[in-house]
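The structure appears below as structure tokens.
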Amino acid sequence: MSRKIVKYFATKFQENPNNSFPIFKSLISALSSYYSVVFVEDSQDDSTVKIFHQTGLIIGSFHIASTTLSESSIDTVAENYSTFFTDGFLLNQNGEIIISGLYNEEALFFKALKQFFKFESSQLIRVKVQKAYLVKNIGKFKPELINKIEERVRNERDFRNKRNELVNKLRKLLHPKIEPKFIHEIITQFLILSGFIDQLNFSKKRLEQDHIFRALQALTEPVKKTFLDNSSLWESIQNYFNDIAKIINGLEDKPYQSKFLLNFANEFYNLFYQEKTQKRSAEIPKEISGFCKKLLKEFRLNDKDKNLQTLNLSPREINTNMLFESGDNFSQFEKKLIPYLLYLLFEKNKIDFLNPLSISRTATTGLQTDLFGVSRNELGSTQIGNQDVDIITFSAISSSSPENEFLSFEYSQRDKKGVDDKITETYFSSSPAPSNALFEPGLKYLRWATDYIKDDGIILAILPSKYFIEKKYDGLRISLENEFSKINMISLGKVNFQENPNLEPIWKNSTICLLKKSKKHKGNSEIKFHQLPGCNSNYEKSTLIQSLTYESIDFKLIKPEKGNWFSQEYFDFIPLVEEASAPGKSIFKTFSKGIFPQNSQYMVKFHQENLQEKFKLLKPSSEAPKKHFATRTGYYKPFVKRKMVYSKVLEKELQQFPAFFPFQKNVSNQLICTSGPGCEKPFQVLATDSITTYDFLEKTLCFPLFFINQKGKSEENITDWCLRQFKEFYIPIIKNRIKEAKNKSDFLQEMLQKISPLSKNLPVLHKFTLKIASLSKSKEQKLIAPALANEIVFVIQNFEKKLQLLGKDAKERKKMIETLKKNLSVTKSELLKIGKSVEELEQKKAMLSKENIFYYTYAILLDPDYQKQFQENLKNNVPRIPLKPDFWKYCENGKLLVELHLGLQEIPGYPISKNEQILENAANNKPELKVNKALGSISVDGSLELGNIPPKVWQFKMGNHSILEILVKNYKKKAIRKNTNWKELYQYDFNVLKEDFINDISRLSALSIETQKILKNMEIS
899 MSRKIVKYFA TKFQENPNNS FPIFKSLISA LSSYYSVVFV EDSQDDSTVK IFHQTGLIIG
959 SFHIASTTLS ESSIDTVAEN YSTFFTDGFL LNQNGEIIIS GLYNEEALFF KALKQFFKFE
1019 SSQLIRVKVQ KAYLVKNIGK FKPELINKIE ERVRNERDFR NKRNELVNKL RKLLHPKIEP
1079 KFIHEIITQF LILSGFIDQL NFSKKRLEQD HIFRALQALT EPVKKTFLDN SSLWESIQNY
1139 FNDIAKIING LEDKPYQSKF LLNFANEFYN LFYQEKTQKR SAEIPKEISG FCKKLLKEFR
1199 LNDKDKNLQT LNLSPREINT NMLFESGDNF SQFEKKLIPY LLYLLFEKNK IDFLNPLSIS
1259 RTATTGLQTD LFGVSRNELG STQIGNQDVD IITFSAISSS SPENEFLSFE YSQRDKKGVD
1319 DKITETYFSS SPAPSNALFE PGLKYLRWAT DYIKDDGIIL AILPSKYFIE KKYDGLRISL
1379 ENEFSKINMI SLGKVNFQEN PNLEPIWKNS TICLLKKSKK HKGNSEIKFH QLPGCNSNYE
1439 KSTLIQSLTY ESIDFKLIKP EKGNWFSQEY FDFIPLVEEA SAPGKSIFKT FSKGIFPQNS
1499 QYMVKFHQEN LQEKFKLLKP SSEAPKKHFA TRTGYYKPFV KRKMVYSKVL EKELQQFPAF
1559 FPFQKNVSNQ LICTSGPGCE KPFQVLATDS ITTYDFLEKT LCFPLFFINQ KGKSEENITD
1619 WCLRQFKEFY IPIIKNRIKE AKNKSDFLQE MLQKISPLSK NLPVLHKFTL KIASLSKSKE
1679 QKLIAPALAN EIVFVIQNFE KKLQLLGKDA KERKKMIETL KKNLSVTKSE LLKIGKSVEE
1739 LEQKKAMLSK ENIFYYTYAI LLDPDYQKQF QENLKNNVPR IPLKPDFWKY CENGKLLVEL
1799 HLGLQEIPGY PISKNEQILE NAANNKPELK VNKALGSISV DGSLELGNIP PKVWQFKMGN
1859 HSILEILVKN YKKKAIRKNT NWKELYQYDF NVLKEDFIND ISRLSALSIE TQKILKNMEI
1919 S
């Protein structure tokens, strides 16, 4: 749990003591999300909140009191009970007060909350012991059970015949390639789960009517005892199930029974099959679901005859939030047996199980099926494929991409079109550069919904924002423009709770999308967008969403251009790498991901461990003989270098880097490294000059200045096409500037007009003016070339010598001659500038080279204004580079930045202070390495603190952290998991690193300040 969360809410309590009730609920919600637990408001007492583990075991209760801490009179024997007063808090465990205090005692408040959530009841301890035993012994149970099933199939004809009937039925109804071993998996699950299902206090009516359940029951009932009773582990399994069933049966709230049963299902597959099951779509917070309900009411116009279908929502949204009308239909995509059985236990839940492999508008019985192939006639259920739908709603937000078990099969019935075929015809074929990302599960739901709604139907979907921003989804956007008359998008904005790793994905980067069809639509959609502001907490975000109404939203009209809805200009920039639709049209010819995308821990020397010995644990000596072991110093993190394995034996782990840094040659090269598409952190870019890891930034992409081609020769990595684009853009600019520089004849005429009246008293001046006029009119165009300017300067200089002689003889004309000299001096200066300006512009033309394009690119990517303006594009796409008018300024600054960032060891350090103290026992002087940005200091260990670090140093960031913080983190002892096989090899002695650490802090502080100076100079220019 983050102290920042606690500190934030403690401050809110102190600011609003009389309005603390919603703040308490928001705190509990945030903490429950952080600890992945469930809180339930007591239906009889709104001031009491119960906290449960995901399995249904209770952790404890929170009580919200309207009195102060001093007025409290708590008398409870509850195992774990905490009370929030108007001014303070109290934690009671096992009948004793453990901790109490005021909200301004933040450390104590943090401790009380942490201790509450870590409490383990006697029931939980017993279940954990049972589970630990099962985890230890379960590995043999599933194979034993499957072996018994296969043996019974071989030896007993009746059992084999029943098994074959089930296999044939599923092949006929679902897919012809289903194999018997798949059915054996289902039978195994059913054998284990049927006893647990029997213990639950639910009506079994729907189960008993279900075709698949009856078939499995008939197959397994005669042999159940034979299979299970002889197993030494079955008794432990039964005890575990008995405890879980008692917990579920003891819950009064039916919706939470449903929720805990589904969480148990997830636990079941983790435990008995030792695998991570698919994560269900993220549940929608009640604030968002309430807002969606408002939107639906607006569009349904209170017409209860409208047929609404909901896909892929959890029972909590359906039952607890009462999101939709009671007569609406709900569907859930699942791939395991237990969710199918559990849903059938709830009679009020009308939930169809769908196989999205074959869903399409033309689907008929046998294609549009329930999960295990049950047809409408056999089960008596209404199938979506045979009815028209007015409104379809679904959420495509999930912390992992849900997969369907049957998508791995090849779709065999070519006369019918499945959802993949429909996507190919629409999203995929509409895209200029088709991507497999268009087949993501969320887009399959959207494609299915688009085909099933009526011609004037509506889709309400919660979708990832990337669908409307990223280049690879342009085919989707083009299809939506063609298929829907109105598209309204509401981006939910961001919540700045970076400390909370369990924050629901729906809060992070999601968009509520309303899509409306029309019979009269001819391809010109009305697209509107509204961006909700970012908030500091879930509490602020939920308060904002609760206050929203559809009428109050100020939508902005979007004018799409070739599938681009946002930042259209960004996609007109030059891409760093070529796209499928435009081969060869990019800045760079080649690029590479960072090295070691996997197993980097075996290939990087973190501190003092033996790298070769560690590498052998990954690659046995027979695979990696000593003669193939080689190392090279490379970049592990920003400005953090480490020795790494760099050997031919690694093959694909090195990506394209052998072309940038050959094994046998010591080649000098420079790389621009950026974070890759789909990053969570803000966009990052940094130059390197050696091998660079995949985690150097985030999903790191590397673009070299040179590479070694197939002929073994060094080749510039900037494309010829790119150089032509730059020349075609900038050479006309240079020519215009040269023309402007030469177009100076006007100032000569002005000079002649000023000095001509003086010729009455200076006859020699008349010849001079005629000479100048003759030279300036010698060209047809009114331009002064550098050669002509030099010639006129020569004439002026000769005339100035004559004036010096005249000044000696004619004292009465002295004032007039001085005025004349001033005019000539100004003219001469202007003429000299012409030559200099034209010369400089000619040099700028020569600067349009591939190497300078490389530096220009680096400067653009580091430009804070560019990063801010295109932050979402940069997070979701490979960068693209605009052509700025002042190429040369960016080029010069880019080169300075590259030299600065690659020359850390040569930079004079910033004068940081060293505050030292003598310790009595030096052996106890352990490294602390703690940063205090407010004080501008770093606590190194018990005897040393580095200070005088300017605030500007912390402002140069990579991602969410300053480069100084990143450096400090990488000097700390590395946390190594217990089961890591190289843990014994790891050695860490900070005393060896201490001097280097101090020097790096000093140099990196200076580098940060200098970097910001250069960036500021770019901004001014």
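Here the sequence shown stands for residues 899 to 1919, where the numbers follow my numbering. Ideal Cβ positions, reconstructed from N, Cα and C, are used throughout, including at glycine.
| query | result |
| --- | --- |
| Cut-off 6 Å between Cβ atoms - residues of its own chain near I1047, not counting five sequence neighbours on either side | H1082, I1085 |
| Among S1440, K1364, I1425, L1022, nearest to N1407 - alpha-carbon criterion | K1364 |
| Burial state of P1630 (16 or more Cβ within 10 Å) | exposed |
| Euclidean distance between Cα positions of N1380 and L1760 | 38 Å |
| From D1056, D1894, A1143, I1606, residue whose alpha carbon lies closest to that of P1120 | D1056 |
| Given L1430 as reference, the closest of L1390, Y1468, K1415 once Cα atoms are compared | L1390 |
| Proximity winner among T984, T965, E977, relative to T909 (alpha-carbon distances) | T984 |
| K1195 versus K1420 - alpha carbon distance | 27 Å |
| Cβ shell of K1870 (< 6 Å), same chain only, five flanking positions each side left out | L1827 |
| Counted within 10 angstroms of its Cβ, other Cβ atoms place A1478 as buried (16 or more) or exposed | exposed |
| Alpha-carbon spacing of E1042 relative to V1027, whole angstroms | 23 Å |
| In chain order, each alpha helix (DSSP H) run of at least 4 residues that lies wholly inside the region 1876-1903 | none |
| The region 1746-1759 contacting the region 1783-1793, beta-carbon criterion three pairs below 8 Å | yes |
| Cα-Cα separation, E1908 to M1856 | 16 Å |
| Among W1619, Q1695, E977, L1336, nearest to A1480 - alpha-carbon criterion | W1619 |
| At least three beta-carbon pairs within less than 8 Å, the region 1593-1603 to the region 1565-1582 | yes |
| Minimum C-alpha distance to Y1343 - residue among P1330, D1353, P1362, A1331 | P1362 |
| Inter-residue Cα distance where the pair is F922 and K1911 | 46 Å |
| Buried or exposed by the 16-neighbour rule on C-beta atoms within 10 Å, applied to Y1788 | buried |
| Status (buried if at least 16 other CB within 10 Å, exposed otherwise) for A1832 | exposed |
| Cα-Cα separation, F1100 to I1356 | 36 Å |
| Top-ranked residue by Cα proximity to G1482, from Q1623, Y1628, F1537, T1529 | Q1623 |
| Supposed close pair Q952, V935 - CB separation, criterion 8 Å | 7 Å |
| Stretch pair the region 1019-1039 + the region 1130-1149: three plus CB contacts closer than 8 Å | yes |
| Chain-order list of residues whose beta-carbon lies under 7 Å from that of Q991 (same chain, five-residue window excluded) | E977, N978, F1017 |
| Through-space distance from E1077 to V1272, alpha-carbon basis | Model confidence at V1272 stands at a pLDDT of 31, short of 50, so the residue's coordinates are unreliable; what they give is reported in the following sentence. Cα to Cα, V1272 sits roughly 17 Å from E1077. |
| Strand pairing of F987, partner residues [DSSP] | F982, G999 |
| N-terminal and C-terminal residue of the alpha helix (DSSP H) that T1118 is part of | 1109-1118 |
| Inter-residue spacing [alpha-carbon to alpha-carbon] between F1464 and R1375 | 11 Å |
| Nearest residue (CA-CA) to S1903, options G1807, F1888, L1891 | G1807 |
| Through-space distance from E1459 to N1227, alpha-carbon basis | With a pLDDT of 45 at N1227, under the threshold of 50, the predicted position of this residue should be treated as unreliable, and no value is reported. |
| As assigned by DSSP and simplified to three states, the class of Y1869 | helix |
| Member of N1846, N1823, Q1815 whose CA lies at the smallest distance from the CA of V1829 | N1846 |
| Opening and closing residue of the beta strand (DSSP E) in which G1532 lies | 1529-1535 |
| Residues of its chain near S1134, where Cβ-Cβ distance is below 7 Å and the 5 sequence neighbours each way are ignored | Q1028, Y1031, L1032 |
| Given F866 as reference, the closest of S927, T966, R1058 once Cα atoms are compared | Outside the modelled stretch of the chain, which goes from 899 to 1919, sits residue 866, for which no answer is possible. |
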